Structures are given as structure tokens and as C-alpha cells.
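All remarks here apply to the structure that follows.
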Amino acid sequence: MRLTQKLSHRIAGRLSAGRRGRIAAPLVLLLGLLVTGGMYAAFVSPASAQDQSADEDMVAKGRSLFLVGCASCHGKNGEGISTVKGGQYGPSLVGVGAAAVDFQVGTGRMPMAQPGTQALRKAPVYNAEEIEALAAYVASLGPGPSVPAESEYDVKDATNEDIVRGGEFFRTNCTACHNFAGNGGALPRGRFAPALTGVSEKHMYEAMLTGPQQMPLFSDEILSPTDKRQIIAYLKKNEETPNYGGFTLGSLGPVSEGLFAWIIGIGGLVGAAVWIAANTTRSRKKTQHE
Amino acid sequence: MSETHELSTVETEPIADPGLPAHEPRPTDVDEKAETRAERQVATLFGLSTIFTLLFCVSYFWLEVGDEPDVILGLGASNLALGGFLGLALLCIGIGMIQWARKLMTDEEIIEYRHPGSSSNEDRDESVKILVLGTEESGIARRPLIRNSLLGAMGALGLVAIIPLRDLGPLPGDKLFHTIWKKGMRVVQDVDATPIKPSDMEIGQLINGEPGIFFEEDDEGEPVIEGAELQVEKAKAAVVIVKMQPDDITPSKGRENWGVDGILCYSKICTHVGCPISLWEQQTHHLLCPCHQSTFDLADNGRVIFGPAARAVPQLPLALDDEGYLIATSDFTEPVGPSFWERG
């Protein structure tokens, strides 16, 4: 112990003695630059160069897919196409970000089968790799939200507190359109808010982040990633909870319940009453007892 | 007695032959085998009912409820079994009774005449006699002092029914004309009280907001407003904050500086019957009430464009405080929520 102490003191002393030398400062500077540059070359440079070329490949691939599948509505450079009336045939995609592409294409909403009031969810047309390429291309058009990392939407470790809090956020921000049970609801002019059951955590997160179609968006600065994860945790918990009270009848509340009570319940009772009072079979035979 | 006397007055039928068909026997009336079969059917139904009742009892104790409930087809097993078995038990008794009545009980048509509406003359004379005797013996006609004071006492009892109506009051005064919003109060996100910077909002963003005071605490760590008072204020003060393309907004005269960078703030209470409205279509800027489909254009001063609402949804004027967060510059300039008589 004492030996090492002595040794280190001595070395420090030697070095210290030379630190005011004329060439000391440039030497240290040179050494520092060499080490930094060397480190950079050794670790960072090749990898990033590879990433960059991979990114460029990705963007190029995305662009070729885009020109085939998307450009007819969104324009050759994703600038959007306006209609004569001043509306948009396909909106501009500059700045919508990779998250919007991952949501729209990943849920099958894009490409649309035909122009209509609303893009419908269907089986995705592109595979995961193609979606990534498309997202990379659209993200290259302008800065926008990127696809969230799995840690941002993973709700496996959600606690009861998270779920309760998520329920509060859900009831405040989402139920007006998506129904208190997340079963969706009607909007004007044939549009609708879709049901939230069976939607993946990632797509839920992206929908909140990007505000697809008529849905308002909820930026991370206000509705924080934690808040969003809590909302997703609540919805997932809600989905796996059994319908303890019986059939949900679409979770539409008194509308469908009343419909069932009046038509099936009371209708059934009326039918049964009519049937009971209907004529019984009669026999033409003479009574044997008499 | 008098009854036989009264009944005997109906001697001839008003219609000699009302045209009833001749009675025809049922198979169970003439066929002994059919009769036995029907008897067994009824007994089987009653027996089944007993079994279902026992199954009800078994499922009550057997099926788990609570945190880890038993589940059948995604439904709570306990509720399903209890309801199902009880329903079947009652249904079997019901069907058994009807089968019994229709197959085995006699179904000969008979005629029952109505009882006369009035009592016999003797009974009526007797009642009048009792009443007269009572009046004489109590002397109510001869003692007006007692009679009048009794009437007074009975009349006064009516106050018992009227006085508690005071609980309906007091009148609301000017409460409906004001909310808790005032100059300089921060607009924050509901639930977690996040203050809002305009740069944190994107075009097309919706925030469900509340006045910051709902989340403030006093020196002792107690909420400044809580309990019933909080609910009352919340019912009037809830707002939605939306951000649109500034070019899309057409403010009416005097409202030009009510927004910040395309961010506008409106009451969340529908002007029709007061439902909370936050169903906002970001592309059309329409705010739709889910109750009765009243639709307001938030880019056009909250104007009603569809539905039963009669007034535009009130707008809250916004500004920024020293730290750059959104604040209200005054209370709402008109009463929020549904119209009322005194509003004029």
C-alpha cells in the first residue's frame, strides 16, 4: 500500500516537473487530437458510414416503392395533390414523419383501395421491411415524429397506478370519439372513430403522436410519453378484462340495451302470450268418462 | 240475504243466444293415455325446475368471483350460471303451470254475471244512521269552537309540506354568469396539470384543459379548491385548447387577439344542454357534441353550423405570461353552457 503510494507520488512528481516545458502544451494538444481522432476512426466512423449508406439505400428503396404505390395521390415528391375545388386529393407528406407512415401503412389504411370519406383499416399491403423503407423516404422529406422505440409503448410492466391514471387520461381525452369502452363511434358525414380493440401498442402510440385523418394529435410535450404509455396500458387491461356483467351489446349503453329489451325481451313476451292463448287442439271423440 | 235478492233481479239474459260454439273436448279430456302423458310432462317440468334451483345453489358456492373470476366464453361464469339457472327454474315452473292449465284443468266455458254496483238499501240506510248518530254524539255541529280550531290545525299541517321547499333555494344569483377563470390564470392540461407553451403544440393538436387553480395547493399542502366546490367550478370552467393553421382562423371583430399562434381556447360545455364536447375533427375544425350532434366551427368563432344548439360555444381569450405559458386574459365574456331564462 505504502509502496504504490510512494510510486504514484514519484511519477506524478516527474510529470508535474515537465508540465511547464515549452513543448508541453502543443504536445498534449497533439496527443489529445490523435487519441480523439483515432477513437473516432476506430469506433464511430465505419459504423456511421455504413448506417448512412444503408439509410440512403433505404430511402432510395422507399422512393421507388413510393413512386409505384403512393405518388398517384400524394405527388411524385410527396408534395400532395390539390383538387380543383381547393381540397386535397392526397395531402402533403412533408414533415409527417416516419411514425405517420408506420401507422398508416402498418394498419393497412394506406394505400387506400379507393378515394373515400375515410381510409379503412385492412390487412397491410407492404411487409415490415417495405414499410420501414417507405417511412425512411417520407422522413427524408422533412423533419417529423419518428417511429417510437419499443420501450416507449411497452406496457408489460404497467402497475395498477399506471392503469388507473391511464383511465383518467383516456376518459378526459379519448372517450368523446372512441366511446367509453374504446369501441369507437360515429362522426359527421359518414366518418367514424375506429374501435381501439385489437390495435397494437405501437400503432396506438403513433396515432396519438401523429393524429391520423380527423383525429387531433397529442404532442409528447403536453401528453408525455409516460401519459401515452399509461393510456395504452389502460386500454390493453380493458381489452383482457372479461365481460363480467354479461354481453356488452357493443358497449353502446342504453341504445343497444333498450333495443334488445324492447324487441327481444318484450317482443318475446308478447309472442309467448299470444301463443299461450291460441286455440288448443280439440278432439272429435266422445268423452269416455261420461 | 241481500245478494240472492240482487242476483235474482237478473233473470232473463239480454241476449238469448250469444252464439258461443258448442264445447269440444281436448284429447286429454277423452284419452286417458294423453291425460297421463300431460300429467307426467307437468311433473317433469316442475322436477326440472327443482334441479335448476339446486344447480343455482351449487354454482353460487362453486364458481369463483373477485380478482380471479371464472370465465365462460369471455363472460363472468358466476353471473352467467346464477342468472341462467334461476331463469330456467322460473321458466320451468311457468311452462309447467301453463301446460297444467291448458291440458288438465277444466276448460268448460261458463258465464259469470257482474255483481251489482251499489249496496243494498238496508246497508245504505244503516250507514247514514251511523253517520248521523256520530255527528250528534260528537256535537261537532253544536260546538263551532272545536270544529274551527280543528280545521285550523289541519290547515296548519300543510306548512309541513311547504316549508322544506326552502331547500330548493337560494336562487343562483349571478353564478351562472361567471366562471372561476380570471385574468392571468394559467390554462393547464386536465388530469396532470401540465402548463402549455405554444411551441409545445402542433397544428391539429387538441388539449382538454382546466384552470390552473384546480391543481394548486395552499401553504399547508391542501388543495385550494376541493370537494363539491371543485365539481361546481369544474362544470363551468372546463375548456378545449386547439391549434389550427393561423390562416384558417377568421376571428370576428374584437376577437383578433384572443388567440396565440393559431391556438384558440373554447368552453367544453355545449350550449344546448351542457354535455362536455371534445370531439374535434382536426381537418374540418368542427367540434361535435356527441349527445345531440350540435356542431361548432372553431375556426369561425365557435359558430353553430349544425344541430339543436342555439348559441356559439363561448371563447376564452388567451395570452402568454412571463414564462411563456398560456394564460386567460379574462373570464368568459358570456355565460357558458345551456341558455336559461334570466340570460335574456
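Residue numbers (the working numbering), protein chains in the order written: chain A, -9 to 280; chain G, 6 to 349.
Quick reminder that beta carbons are idealized off the backbone N, C-alpha and C, glycines included.
Values in this document were obtained by computation on a predicted structure and should not be read as measured data.
Contact with chain G by residue i, beta-carbon distance below 8 Å
i: A/Ser209; result: yes
i: A/Met100; result: no
i: A/Ser35; result: Any reading at A/Ser35 must be qualified, since the residue scores a pLDDT of 48, below 50, and its modelled position is unreliable; the value itself is stated next. Cβ-Cβ to chain G under 8 Å: no for A/Ser35.
i: A/Asn150; result: no
i: A/Pro232; result: yes
i: A/Arg12; result: no
i: A/Arg219; result: no
i: A/Glu158; result: yes
i: A/Ala166; result: yes
i: A/Asp92; result: no
Cross-strand partners of residue i (DSSP beta bridge)
i: G/Lys248; result: G/Ile268
i: A/Phe182; result: A/Ala176
i: G/Ala333; result: G/Leu323
i: A/Gln78; result: A/Ser72
i: A/Ile13; result: DSSP output for A/Ile13 lists no bridge partner at all.
i: G/Glu44; result: DSSP, once it has assigned bridges, lists no residue as partnering G/Glu44.
i: G/Gln210; result: A/Leu207
i: G/Tyr274; result: A small fix is needed here, since residue 274 of chain G is Ile in this sequence, not Tyr. According to DSSP, which records beta bridges pairwise, G/Ile274 is partnered with G/Pro281.
i: G/Thr291; result: According to the sequence as given, residue 291 of chain G is His; it is not Thr. Note: G/His291 sits in a beta bridge opposite G/Glu286, G/Asp302.
i: G/Pro216; result: G/Val192
i: G/Pro26; result: Partner(s): none; G/Pro26 has no beta bridge.
i: G/Val76; result: G/Gly81
i: G/Pro200; result: G/Val193
i: G/Pro228; result: G/Glu222
Nearest residue (CA-CA) to residue i, options the options
i: A/Gln108; options: A/Val264, A/Gln204, A/Asp210; result: A/Gln204
i: G/Glu215; options: G/Asn153, G/Ile246, G/Ala86; result: G/Ile246
i: A/Tyr143; options: A/Ala129, A/Val189, A/Ala103, A/Lys112; result: A/Val189
i: G/Phe311; options: A/His64, A/Arg179, A/Gly52; result: A/Arg179
i: G/Lys239; options: G/Trp263, G/Gly174, G/Leu176, G/Gly342; result: G/Gly342
i: G/Asp336; options: G/Asp72, G/Cys270, G/Gly232, G/Gly144; result: G/Cys270
i: A/Val84; options: A/Gly70, A/Pro114, A/Pro101; result: A/Gly70
i: A/Lys227; options: A/Gly172, A/Ile256, A/Pro133; result: A/Gly172
i: A/Arg53; options: A/Gly77, A/Val74, A/Ala15, A/Tyr127; result: A/Tyr127
i: G/Gln320; options: G/Ile103, G/Ala43, G/Leu85, G/Thr184; result: G/Thr184
i: A/Gly98; options: A/Ala118, A/Gly87, A/Ser82; result: A/Ala118
i: G/Gly279; options: G/Thr289, G/Glu261, G/Glu286, G/Ser299; result: G/Ser299
i: G/Asn213; options: G/Phe61, G/Trp285, G/Ser54, G/Asp266; result: G/Trp285
Rounded separation between residue i and residue j - CA only
i: G/Val244; j: G/Pro74; result: 40 Å
i: A/Phe56; j: A/Asp92; result: 14 Å
i: G/Cys294; j: A/Gln104; result: 30 Å
i: G/Ser272; j: A/Pro184; result: 26 Å
i: G/Arg107; j: G/Gly92; result: 22 Å
i: G/Ile268; j: A/Ala197; result: 21 Å
i: G/Thr334; j: G/Asp253; result: 23 Å
i: G/Pro251; j: G/Asp305; result: 12 Å
i: A/Leu213; j: G/Arg348; result: 37 Å
i: A/Ser35; j: A/Thr149; result: Low confidence applies here, because A/Ser35 scores a pLDDT of 48, under 50, leaving its location unreliable; read the following figure in that light. Their Cα atoms are separated by approximately 42 Å.
i: A/Leu131; j: A/Ile121; result: 16 Å
i: A/Glu230; j: G/Val76; result: 12 Å
i: G/Pro177; j: G/Lys241; result: 14 Å
i: G/Gly259; j: G/Val192; result: 21 Å
Within-8 Å CB hit, residue i to chain A
i: G/Arg42; result: no
i: G/Glu286; result: yes
i: G/Ser64; result: no
i: G/Pro32; result: yes
i: G/Thr300; result: yes
i: G/Ile115; result: no
i: G/His291; result: yes
i: G/Asp223; result: no
i: G/Ile212; result: yes
Residue i in three-state terms, based on DSSP
i: A/Gly235; result: coil
i: G/Leu109; result: coil
i: G/Arg191; result: strand
i: G/Asp302; result: strand
i: G/Asp308; result: This sequence places Arg at residue 308 of chain G; Asp is not what is there. Strand, per DSSP.
i: G/His120; result: coil
i: G/Gly81; result: strand
i: G/Val165; result: helix
i: G/Glu365; result: What the structure shows of chain G is the stretch from 6 to 349, and residue 365 of chain G is not part of that stretch, so it cannot be assessed.
i: A/Val91; result: helix
i: A/Val189; result: coil
i: A/Val137; result: coil
i: A/Val297; result: Since the first residue of chain A shown is -9 and the last is 280, residue 297 of chain A is not available in this structure.
i: G/Val70; result: coil
Residue-chain proximity (residue i, chain B), Cβ-Cβ < 8 Å
i: A/Met205; result: Among the protein chains in the structure shown, which are A and G, there is no chain B.
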